[in-house]
Each structure stands twice: as C-alpha cells, then as structure tokens.
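Numbering (UniProt numbering), first residue to last: 1 to 240.
What follows is the structure in structure tokens.
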C-alpha cells in the first residue's frame with residue numbers, strides 16, 4: 001500500500017503540487033483577450049507575471065507604480081463584470097474574468113478626467129502611448145460615432161477621485177468608444193484583487209509592426225484588426 005502511495009505521489013501528486021507552487025509563488029502566464037490595451041498590447045499576446053511579487057504586494061510589501069501593467073479581477077460589486085459566457089458561449093456558472101490594464105493612480109493620488117484629459121494630482125497625464133478615437137484610429141471627427149465619445153459624460157468627464165489605501169486606479173490604453181471597461185466604470189481596484197504585474201510579452205515571437213482597429217464601433221474589434229508593415233521580433237519587456 002505504501003509503495004502504491006509513493007508511486008502515486010511521484011507520478012501524479014508531486015508534479016501537480018510543484019506546478020501549483022510554481023504558478024502561485026513563482027511565475028505564470030496569461031493571455032490578452034480583447035483590444036482594451038492597444039496599442040501597447042494586442043489581442044492574443046501572452047504575458048509573463050511574477051506571482052511572488054503579487055503575493056508580496058498583497059501582504060503589504062512594496063506596491064505597484066504608475067505605468068505598471070497589471071492583471072486583476074474587477075471589484076465584486078461591479079455586477080456587470082460578472083460573466084456567464086466566454087466569447088458568446090454560455091457557461092453553467094458565473095465568474096469574474098481577469099482584466100489587463102495600466103496603473104494610472106496609486107494610493108493617495110487624486111484622479112480627474114475633464115474633456116477626456118486625465119490628470120493625476122493636478123498634472124495632465126502624458127498620453128502619447130494611448131489612442132483616442134478620432135486622432136489615431138479614425139480620421140472622422142464629425143459623425144455620431146465619433147461624437148459619442150464626447151457625449152459619454154461618464155467616460156470623458158470624471159469628478160476628482162482620491163485613490164484609497166491599498167487600491168489602484170487603472171485604465172486601458174484604448175480610449176475609443178467602448179474600448180475599455182476600467183476604473184472609470186467600477187472605481188479603484190483593491191490590491192487583493194490584483195494577481196500580479198505583467199513584465200514580459202513572451203508570445204507571439206513575430207508580429208507585424210502596425211495594428212489598426214476598425215472605425216465602426218462594432219463588437220469584438222480585436223477580431224477585425226488590420227495588420228501592416230514589416231515583421232518584427234515581439235518578445236519584450238513591458239516597461240512603465
């Protein structure tokens with residue numbers, strides 16, 4: 001009997017336990033689902049996360065910085081963030097999907113959005129790496145679709161919000177209409193809901209230099225991205 005237990009441990013249980021310890025306290029990988037972090041991250045990229053660092057931050061050791069890309073679950077109170085399907089396929093349970101966003105505000109910061117301009121502690125946030133709808137993805141600045149950005153008060157204007165202790169204000173880089181559900185909608189994210197910081201993009205190995213989202217505001221824009229330009233090496237460090 002003892003021999004059978006030892007064999008079971010050696011062949012099955014031990015590798016499973018090792019894998020769990022590795023992913024929980026070492027590193028793990030996640031896939032980017034959607035276009036909310038374009039142009040920095042594209043749909044289908046796989047990111048490496050140092051989960052040990054995430055555990056340390058949840059225990060109060062250190063913290064995330066502005067500009068970090070983090071993987072987290074939306075607050076439990078964000079009812080619309082609970083899902084019962086995966087990309088249209090019904091599931092018999094509800095779950096909170098992991099999201100990938102950029103840290104804009106750390107504990108104690110005051111965030112304000114006015115006419116689409118994000119300010120942190122009174123200083124405008126540099127946005128050369130984020131894409132507003134009309135000035136990059138689409139040339140149209142007059143149609144109802146383009147104007148829907150300005151008409152959406154909840155996304156373009158936000159009263160001053162002070163980030164509470166142990167929480168972070170996160171936003172997607174894609175600021176097009178419906179481009180990102182983030183702290184503008186569900187508020188700051190508790191550090192306990194943050195899995196870890198994404199540090200490296202490891203897949204795919206090769207990608208096209210340019211990627212452009214469609215301009216129609218339709219569903220699943222990540223499936224209709226136009227790729228162009230030369231091929232380049234994709235794996236890279238994700239620096240703030």
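We put the CB at the ideal spot given by N, CA and C, even for glycine.
Best match in the options for proximity to residue i [C-alpha to C-alpha]
{"i": "residue 240", "options": "158, 104 and 234", "result": "104"}
{"i": "residue 73", "options": "36, 56 and 99", "result": "99"}
{"i": "residue 173", "options": "187, 102, 195 and 97", "result": "102"}
{"i": "residue 94", "options": "76, 54 and 111", "result": "76"}
{"i": "residue 36", "options": "97, 157 and 179", "result": "179"}
{"i": "residue 166", "options": "175, 193 and 209", "result": "193"}
Close Cβ partners of residue i (< 7 Å) along its chain, the five nearest in sequence each way excluded
{"i": "residue 34", "result": "43 and 222"}
{"i": "residue 203", "result": "45 and 46"}
{"i": "residue 63", "result": "57 and 106"}
{"i": "residue 92", "result": "none"}
Cβ-Cβ separation, residue j to residue i (assumed contact under 8 Å), whole Å
{"i": "residue 48", "j": "residue 29", "result": "5 Å"}
{"i": "residue 160", "j": "residue 170", "result": "Not really, about 17 Å apart at Cβ, beyond 8 Å."}
{"i": "residue 108", "j": "residue 189", "result": "Their Cβ separation, rounded to whole angstroms, is 15 Å, which puts residue 108 and residue 189 out of contact at 8 Å."}
{"i": "residue 71", "j": "residue 211", "result": "About 21 Å; that fails the 8 Å criterion."}
{"i": "residue 51", "j": "residue 195", "result": "7 Å"}
{"i": "residue 158", "j": "residue 200", "result": "That pair is no contact at about 32 Å."}
Exposed unless 16 or more other CB atoms sit within 10 angstroms - verdict on residue i
{"i": "residue 226", "result": "exposed"}
{"i": "residue 114", "result": "exposed"}
{"i": "residue 154", "result": "With a pLDDT of 46 at residue 154, under the threshold of 50, the modelled position of this residue cannot be trusted; read the value that follows with caution. It is exposed - the Cβ of residue 154 has fewer than 16 other Cβ atoms within 10 Å."}
{"i": "residue 121", "result": "exposed"}
{"i": "residue 230", "result": "exposed"}
{"i": "residue 236", "result": "exposed"}
Contact set for residue i: own chain, Cβ-Cβ below 8 Å, skip 5 residues either direction
{"i": "residue 218", "result": "224"}
{"i": "residue 65", "result": "103, 106 and 240"}
{"i": "residue 21", "result": "Its pLDDT being 42, under 50, residue 21 is placed unreliably by the model, and nothing is read from it."}
Contact set for residue i: own chain, Cβ-Cβ below 6 Å, skip 5 residues either direction
{"i": "residue 61", "result": "none"}
{"i": "residue 112", "result": "119 and 160"}
{"i": "residue 207", "result": "234"}
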